[in-house]
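In this text, residue positions in the sequence shown follow my numbering: the first is 7, and each later residue adds one. Just so it is clear, CB atoms sit at the ideal spot from N, CA and C, and this is done for glycine as well. Computed from a predicted structure; not experimentally measured. Reviewing the structure listed below.
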Amino acid sequence: MKKKIKFFIRSYIIILFLGIISCEDDCGPFPNKFKISSLNSEILQIEVLNEKHQIKLSEIENNSVSYEKYSIRITAEIETYFAYEKSKMKNIFIENSYACSPAPPKTDEKITNIEIYTNNDYNSMNQSGQNINQLFDVLVLNHFSSFPYYEKFDLIEYINTNPNIANELIFVLKEAPENNDNFIFEIKYYQNGIDLNEYSFVTNEIEIRKE
Numbered sequence: 007m008k009k010k011i012k013f014f015i016r017s018y019i020i021i022l023f024l025g026i027i028s029c030e031d032d033c034g035p036f037p038n039k040f041k042i043s044s045l046n047s048e049i050l051q052i053e054v055l056n057e058k059h060q061i062k063l064s065e066i067e068n069n070s071v072s073y074e075k076y077s078i079r080i081t082a083e084i085e086t087y088f089a090y091e092k093s094k095m096k097n098i099f100i101e102n103s104y105a106c107s108p109a110p111p112k113t114d115e116k117i118t119n120i121e122i123y124t125n126n127d128y129n130s131m132n133q134s135g136q137n138i139n140q141l142f143d144v145l146v147l148n149h150f151s152s153f154p155y156y157e158k159f160d161l162i163e164y165i166n167t168n169p170n171i172a173n174e175l176i177f178v179l180k181e182a183p184e185n186n187d188n189f190i191f192e193i194k195y196y197q198n199g200i201d202l203n204e205y206s207f208v209t210n211e212i213e214i215r216k217e
């Protein structure tokens with residue numbers, strides 16, 4: 007009887023060990039970090055579909071749009087990579103149980119500032135040549151945490167949190183211009199990155215309407 011028990015125990019250990027090796031060969035290792043390699047920008051018409059901030063984006067027609075549907079979108083090209091981390095003693099069975107279900111990669115890159123300028127006076131308090139980022143909210147998308155939902159923040163409050171880089175940033179106006187007028191915006195984006203530290207983008211001229 008004891009021999010049978012020992013046989014079953016040894017067999018179980020061998021099968022478990024082979025399973026761990028097989029899982030590692032098929033599923034790992036996995037990149038544990040990500041970074042921004044480049045950024046792209048565009049202006050689009052936006053419609054927020056629900057309270058979870060799922061959105062619909064489309065082209066602006068006839069170079070004219072109401073202020074609440076105007077958006078400036080920045081999308082990031084993301085690269086994942088391996089980063090050395092000091093090894094720690096772990097139970098081998100616990101460590102390998104995650105081999106085929108890797109944790110999402112993390113980033114060390116942080117957004118440090120975002121400035122927005124316009125060619126025309128937006129209103130008496132936000133004039134041409136001034137940083138008018140207080141006029142904007144930002145919708146943030148992180149593929150490794152919030153996808154497919156965007157998170158919405160006041161832009162200045164978002165910057166002050168020293169946020170990690172994001173897959174997408176969409177800037178939307180919080181209030182109407184004083185008059186219907188044509189506007190060009192310049193976005194200046196700053197981060198402490200590995201391959202990229204700053205980025206700027208100038209929009210096409212678009213009429214932004216009060217309603």
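#1: Give the secondary structure of I162 by DSSP, where H, G and I count as helix, E and B as strand, and everything else as coil.
#2: Where do the ends of the beta strand (DSSP E) carrying N203 lie?
#3: Tell me which residues share the same chain as N198 and place their Cβ nearer than 8 Å to its Cβ, disregarding the 5 neighbours each side in the sequence.
#4: Classify N203: buried if its beta carbon has 16 or more other beta carbons within 10 angstroms, exposed otherwise.
#5: For N129, does the count of other Cβ atoms within 10 angstroms reach 16, so buried, or fall short, so exposed?
#6: Nearest to N166 by alpha carbon, out of F40, I120, L45, Y87?
#7: For K75, list the residues DSSP reports as bridge partners.
#8: Hey, N148 and A109 are a contact pair by Cβ (cut 8 Å); roughly how many whole angstroms apart?
A quick look at the data gives this:
#1: Start at 1 with the first residue of the sequence shown, and residue 162 comes out as number 156. DSSP places I162 in helix when its eight states are reduced to three.
#2: On the sequence shown, position 197 is the one that residue 203 refers to. Premise fails: N203 is in no beta strand (DSSP E) and is neither H nor E.
#3: In the sequence shown, residue 198 corresponds to position 192, counting from 1. E115, K116, T118, listed in sequence order.
#4: Along the sequence shown, one-based indexing puts residue 203 at 197. Classification for N203: exposed.
#5: On the sequence shown, position 123 is the one that residue 129 refers to. Result: exposed.
#6: The residue labelled residue 166 in the question sits at position 160 within the sequence shown. Per the Cα distances, I120.
#7: Locating residue 75 in the sequence shown gives position 69, where the first residue counts as 1. In the DSSP output, where bridge partners are listed per residue, K75 has none listed.
#8: For the purposes of this step, residue 148 is taken as the residue at position 142 of the sequence shown. For the purposes of this step, residue 109 is taken as the residue at position 103 of the sequence shown. No, N148 and A109 are not in contact; Cβ-Cβ is about 14 Å, not under 8 Å.
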